[in-house]
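**Q** When the sequence shown is numbered by my numbering, its final residue is 414 and no position is left out of the sequence of numbers. All C-beta atoms, glycine included, are put in the ideal place defined by N, C-alpha and C.
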Amino acid sequence: MRMARMVSAQDITSMHCGGSVACIFEPEGPTELAGLLHEHPDLLVLGGGTNTIFGDDVFTRPVVRLGAEFAFVEEAPGGIRAGAATSMKRLVSYCIRTGLSGIEFMAGIPGTLGGALYMNAGTADNGIMDAVIEIELTDASGSRTLARDRIDCSYRSGGIPEGSVITAARLSLQGARYDEVRRNVLAFLARRKAQPRGFSAGSVFRNPQGHAAGKLIDQAGFKGRRIGGAKVSEIHANFIINDGHASTADVRELIRLVKQGVKERFGIELTEEVRIVGQ
Ligand SMILES: Cc1cc2nc3c(=O)[nH]c(=O)nc-3n(C[C@H](O)[C@H](O)[C@H](O)COP(=O)(O)OP(=O)(O)OC[C@H]3O[C@@H](n4cnc5c(N)ncnc54)[C@H](O)[C@@H]3O)c2cc1C
Numbered sequence: 136m137r138m139a140r141m142v143s144a145q146d147i148t149s150m151h152c153g154g155s156v157a158c159i160f161e162p163e164g165p166t167e168l169a170g171l172l173h174e175h176p177d178l179l180v181l182g183g184g185t186n187t188i189f190g191d192d193v194f195t196r197p198v199v200r201l202g203a204e205f206a207f208v209e210e211a212p213g214g215i216r217a218g219a220a221t222s223m224k225r226l227v228s229y230c231i232r233t234g235l236s237g238i239e240f241m242a243g244i245p246g247t248l249g250g251a252l253y254m255n256a257g258t259a260d261n262g263i264m265d266a267v268i269e270i271e272l273t274d275a276s277g278s279r280t281l282a283r284d285r286i287d288c289s290y291r292s293g294g295i296p297e298g299s300v301i302t303a304a305r306l307s308l309q310g311a312r313y314d315e316v317r318r319n320v321l322a323f324l325a326r327r328k329a330q331p332r333g334f335s336a337g338s339v340f341r342n343p344q345g346h347a348a349g350k351l352i353d354q355a356g357f358k359g360r361r362i363g364g365a366k367v368s369e370i371h372a373n374f375i376i377n378d379g380h381a382s383t384a385d386v387r388e389l390i391r392l393v394k395q396g397v398k399e400r401f402g403i404e405l406t407e408e409v410r411i412v413g414q
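1. Between Ser-155 and Gln-145, what straight-line distance do the alpha-carbon atoms span, to the nearest angstrom?
2. Among Val-142, Ile-268 and Gly-402, which one has its Cα closest to the Cα of Asp-192?
3. In the DSSP assignment, find the unbroken alpha helix (DSSP H) run with Leu-405 in it and report its ends.
4. Taking C-beta to C-beta, are Gly-182 and Thr-280 nearer than 7 Å?
5. Starting from the C-beta of Glu-204, find all residues in its chain whose C-beta is less than 7 Å away, skip the five residues before and the five after it, and write them out in chain order.
6. Following the continuous alpha helix (DSSP H) through Cys-230, name the residue where it begins and the one where it ends.
7. Could you give the DSSP three-state label for Lys-366: helix, strand or coil?
8. Can you tell which of Gly-349, Glu-388, Ala-348 and Gln-344 has the C-alpha that lies nearest to the C-alpha of Arg-361?
9. Do Met-254 and Asn-342 have their C-beta atoms within less than 7 Å of each other?
10. Please state whether the Cβ-Cβ distance between Glu-408 and Phe-340 is less than 7 Å.
11. Looking only at its chain, what residues have a beta carbon closer than 8 Å to the beta carbon of Asn-261, apart from the 5 residues adjacent to it on each side?
12. Tell me whether the region 306-322 and the region 225-237 touch, counting them as touching only if at least three CB pairs, one residue from each stretch, are closer than 8 Å.
13. What did DSSP end up calling Phe-334 once you bin it into helix, strand or coil?
14. Taking the continuous alpha helix (DSSP H) assigned at Ala-217, which residues delimit it?
15. With a Cβ-Cβ cutoff of 7 Å, do Ala-275 and Leu-172 count as a contact?
16. Along the chain, where does the beta strand (DSSP E) containing Val-339 start, and where does it finish?
17. Just grab the DSSP bridge partners of Ala-252 for me.
18. Taking 6 Å as the cut-off, is the beta-carbon of Tyr-253 closer than that to any non-hydrogen atom of ligand 1?
19. If you draw a straight line from the C-alpha of Gln-414 to the C-alpha of Gly-190, how long is it?
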């Protein structure tokens, strides 16, 4: 098993801020992973780091990132089976190439399949859990497979049991023409062209029931508001952009101000979609 010490959080997250991570393990299979979980019950799982922000201090909890053995896509009954470390980009490309339809809405969402399942990532209308047939999990006691109807997922929550690491999933996809899948993917990618560029973790807040978080933040007057190197995007107010010099303290303070402003103006409590871990 590979292990890296004192890794800069800026190098392993899309927000590019935070201090160092004391120790990152990279197991190469479920048996190594189960042993690791047994030894370190407080392990934090990291996928592509596109929804995770580390604090500015050294993060002392052990972190696990799934190794190359967990990055694969293969045909399986009902659709495909893919490893949790597979990037969403690779998965969507595979679907285009092989003419499989059902997850085109994931086009352009960065990160890994594991992170997407944990977050139930997707669009306002779809989450990736809609396509799940079953999920393979490993915890300290070993590996098991959970059928979709035994998982209680919801908006931006895959409902994955605490202490479990997703290692793979079988997704339900339908055969379609190559050009049809490609056209759908391109349409979803085109919608993303309007998204802000730069270092970010995507949408900072979940959309409250019946509202768009970005619209509330905009109407509360926060577009362009800056703390240190962190700024509420002028293009989409639910994005905070790091200009390259933001600390996580800057991001946290901006989040606190936005939440307070939206609460005062609309009486609505925003909750974070991004995961900020450590101090
Ligand atoms: C520019 C940009 C655009 C984005 N657009 C969208 C969007 O349109 N829709 C959307 O939903 N999200 C979006 N996101 C957010 C993010 O990309 C998704 O949530 C993505 O699915 C997270 O994947 P990841 O591998 O990077 O997860 P990470 O950030 O690494 O992890 C996210 C969470 O999942 C857990 N986790 C990761 N892997 C596993 C595993 N194998 N087993 C158990 N738990 C695991 C982590 O512990 C953490 O709590 C965007 C982000 C960016 C930067």
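**A** According to the structure shown:
1. 8 Å
2. Val-142
3. Note, Leu-405: premise wrong, no alpha helix (DSSP H); not H, not E.
4. no
5. Glu-163 and Gly-164
6. 223-233
7. strand
8. Glu-388
9. no
10. yes
11. Phe-240
12. yes
13. strand
14. Per DSSP, Ala-217 belongs to no alpha helix (DSSP H); it is in the beta strand (DSSP E), 214-218.
15. yes
16. Counting along the chain, Val-339 falls outside any beta strand (DSSP E), and DSSP gives it neither H nor E.
17. Reading off the sequence shown, one finds Leu at residue 252, where the question assumed Ala. Per DSSP, none; premise fails for Leu-252.
18. yes
19. 5 Å
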